[in-house]
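Undergrad:
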Amino acid sequence: MTREERYKFIIDWFQKNNPNAETELHYANPYELLVAVILSAQCTDKRVNIVTPPFFKQFPGPETLAKAEFEDVEPLIRSVTFANNKTKHLIGMAKMLMEKYKGIVPDSVDELVELPGVGRKTANVITSVIFDQPNMAVDTHVFRVSARIGLTVNAKNPLQTEQQLLKYIPTALVHKAHHWLILHGRYICLARRPKCEICGLKPACKFYQSDMKYIVEQDARKKIKK
Numbered sequence: 127m128t129r130e131e132r133y134k135f136i137i138d139w140f141q142k143n144n145p146n147a148e149t150e151l152h153y154a155n156p157y158e159l160l161v162a163v164i165l166s167a168q169c170t171d172k173r174v175n176i177v178t179p180p181f182f183k184q185f186p187g188p189e190t191l192a193k194a195e196f197e198d199v200e201p202l203i204r205s206v207t208f209a210n211n212k213t214k215h216l217i218g219m220a221k222m223l224m225e226k227y228k229g230i231v232p233d234s235v236d237e238l239v240e241l242p243g244v245g246r247k248t249a250n251v252i253t254s255v256i257f258d259q260p261n262m263a264v265d266t267h268v269f270r271v272s273a274r275i276g277l278t279v280n281a282k283n284p285l286q287t288e289q290q291l292l293k294y295i296p297t298a299l300v301h302k303a304h305h306w307l308i309l310h311g312r313y314i315c316l317a318r319r320p321k322c323e324i325c326g327l328k329p330a331c332k333f334y335q336s337d338m339k340y341i342v343e344q345d346a347r348k349k350i351k352k
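Counting from 127, one number per residue, gives the positions in the sequence shown under our numbering.
Here you go:
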């Protein structure tokens, strides 16, 4: 199977089996998504979705968050990873939004990455989800799944992964492909033991064809013997 054929198979499969893929973070507007994505760094979406409702009740917009003190914010997000740093980032982000953008979340990656706590991945998420721009956010799931199934070759960092994926994924599908790969990595293509036995991408997956197929077959034989 050529690389182009692999991409076609995988995209077709996702379009058929998960046509409405979207972020699992809960949000009502660009500000809320920006806060949620900053909080989600090295933290689960489930945990973030528990933390954000009381946070947004106290800080419904950047104008209120920009006036907050560290001790006002940190207790609300204490259960997420790196709460101290994220507290500083959130307050700094809100202040810059108010001072430079009049409280409006900008719609370009270059502007977003200037905000405290916002890296390229976060900026790509915001521009993709909110503004439907063809930007590919690469987190640990996207990086791992893309390499494992063979969408990327020898990509050594998130930027190289992003560049390879954008080369082959149709522009109109990039914003969905981000969620396809994240959700697949979160629930099927797990880091330690991928669930190949229930994965519909097996016919196109380089990892399964080269390594995992043998392991799954061996496990099946053991179950039969028992």
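No residue lacks a Cβ here, since even glycine has one placed at the ideal position from N, Cα and C.
Check each candidate in 300, 310, 247, 149 and name the one with the smallest Cα separation from residue 271.
TA: The count along the sequence shown starts at 1 and reaches residue 271 at position 145. Among 300, 310, 247, 149, the Cα nearest to that of residue 271 is on 310.
Undergrad: In chain order, what residues of the same chain lie with their CB nearer than 8 Å to the CB of residue 260, ignoring the 5 residues before and after it?
TA: Here residue 260 refers to the residue found at position 134 of the sequence shown. Here the set comprises 254, 292, 297, 298, 300, 301.
Undergrad: By how many angstroms is the C-alpha of residue 139 removed from the C-alpha of residue 237?
TA: Indexing the sequence shown from 1 puts residue 237 at position 111. Indexing the sequence shown from 1 puts residue 139 at position 13. So the two alpha carbons sit approximately 35 Å from each other.
Undergrad: With 16 as the cutoff for other CB atoms within 10 Å, does residue 279 come out buried or exposed?
TA: The count along the sequence shown starts at 1 and reaches residue 279 at position 153. By the 10 Å Cβ count, residue 279 comes out exposed.
Undergrad: In three-state terms, what does DSSP make of residue 318?
TA: Start at 1 with the first residue of the sequence shown, and residue 318 comes out as number 192. Of the three classes helix, strand and coil, the one that applies to residue 318 here is coil, per DSSP.
Undergrad: Going by DSSP, what residue range makes up the alpha helix (DSSP H) through residue 312?
TA: Along the sequence shown, one-based indexing puts residue 312 at 186. 300-313 is the extent of the alpha helix (DSSP H) around residue 312.
Undergrad: Tell me where the alpha helix (DSSP H) around residue 277 begins and ends.
TA: Reading the sequence shown from its first residue, position 151 is the one you call residue 277. Counting along the chain, residue 277 falls outside any alpha helix (DSSP H), and DSSP gives it neither H nor E.
Undergrad: So, at 8 Å on beta carbons, what are the nonlocal neighbours of residue 177 in its own chain, with the 5 sequence-adjacent residues on each side left out?
TA: As a working note, residue 177 is residue 51 in the sequence shown. Cβ neighbours of residue 177 beyond the five flanking positions: 165, 202, 203, 205, 206.
Undergrad: Measuring only the C-alpha atoms, how far is residue 209 from residue 172?
TA: Residue 209 sits at position 83 when you count from the first residue of the sequence shown. Residue 172 sits at position 46 when you count from the first residue of the sequence shown. Roughly 16 Å separates the two Cα atoms.
Undergrad: Ignore the nearest five residues each way along the sequence and tell me which others in residue 175's own chain have a CB closer than 6 Å to its CB.
TA: Indexing the sequence shown from 1 puts residue 175 at position 49. Result list for residue 175: 152, in chain order.
Undergrad: According to DSSP, is residue 153 helix, strand or coil?
TA: Along the sequence shown, one-based indexing puts residue 153 at 27. Residue 153: coil per DSSP, three-state reduction.
Undergrad: If you follow the alpha helix (DSSP H) that residue 243 is in, where does it begin and where does it stop?
TA: Here residue 243 refers to the residue found at position 117 when the sequence shown is read from its first residue. Where residue 243 is concerned, there is no enclosing alpha helix (DSSP H), given that its DSSP letter is neither H nor E.
Undergrad: Looking only at C-alpha atoms, which of 194, 257, 235, 163 sits nearest to residue 220?
TA: Sequence index remark: in the sequence shown, residue 220 carries index 94 (1-based). Cα-wise, what sits closest to residue 220 is 194.
Undergrad: Give me, in chain order, the residues of the same chain whose beta-carbon lies closer than 7 Å to that of residue 212; leave out the 5 immediate sequence neighbours on both sides.
TA: Position 86 of the sequence shown, counted from the first residue, corresponds to residue 212. Excluding residues within five positions, the ones whose Cβ falls inside 7 Å are 164, 165, 203, 206, 243.
Undergrad: If you follow the alpha helix (DSSP H) that residue 183 is part of, which residue opens it and which one closes it?
TA: In the sequence shown, counting from the first residue as 1, residue 183 sits at position 57. Here the alpha helix (DSSP H) through residue 183 covers 171-184.
Undergrad: Going by C-alpha distance, which of 303, 230, 231 is nearest residue 410?
TA: Past the edges of the chain, shown from 127 to 352, lies residue 410, and the structure says nothing about it.
Undergrad: Below 8 Å, how does it come out for the stretch 182-198 and the stretch 220-230: are there three or more Cβ pairs, yes or no?
TA: At 8 Å Cβ cutoff, the stretches touch.
Undergrad: What does a CB cutoff of less than 7 Å around residue 288 pick up in its chain, not counting 5 residues either side in sequence?
TA: The residue you call residue 288 lines up with position 162 of the sequence shown. Contacts found: 262, 264.
Undergrad: Which same chain residues end up closer than 8 Å to residue 147 when comparing Cβ atoms and leaving out the 5 residues on each side of it in sequence?
TA: Reading the sequence shown from its first residue, position 21 is the one you call residue 147. Answer for residue 147: 140, 302, 305, 306, 309, listed in chain order.
Undergrad: Using the C-alpha atoms, what's the distance from residue 316 back to residue 239?
TA: Here residue 239 refers to the residue found at position 113 of the sequence shown. Here residue 316 refers to the residue found at position 190 of the sequence shown. So the two alpha carbons sit approximately 29 Å from each other.
Undergrad: By DSSP, does residue 327 sit in helix, in strand, or in coil?
TA: Sequence index remark: in the sequence shown, residue 327 carries index 201 (1-based). Three-state DSSP puts residue 327 in coil, outside helix and strand.
Undergrad: Take residue 355 and list the residues in its own chain whose beta-carbon comes closer than 7 Å to its own, dropping the five residues that flank it on each side.
TA: This structure leaves residue 355 out entirely; the chain is present only between 127 and 352.
Undergrad: Which whole runs of the alpha helix (DSSP H) in the stretch 200-262 are 4 residues long or more, in chain order?
TA: The stretch 200-262 contains these whole alpha helix (DSSP H) runs: 209-227, 235-238, 246-255.
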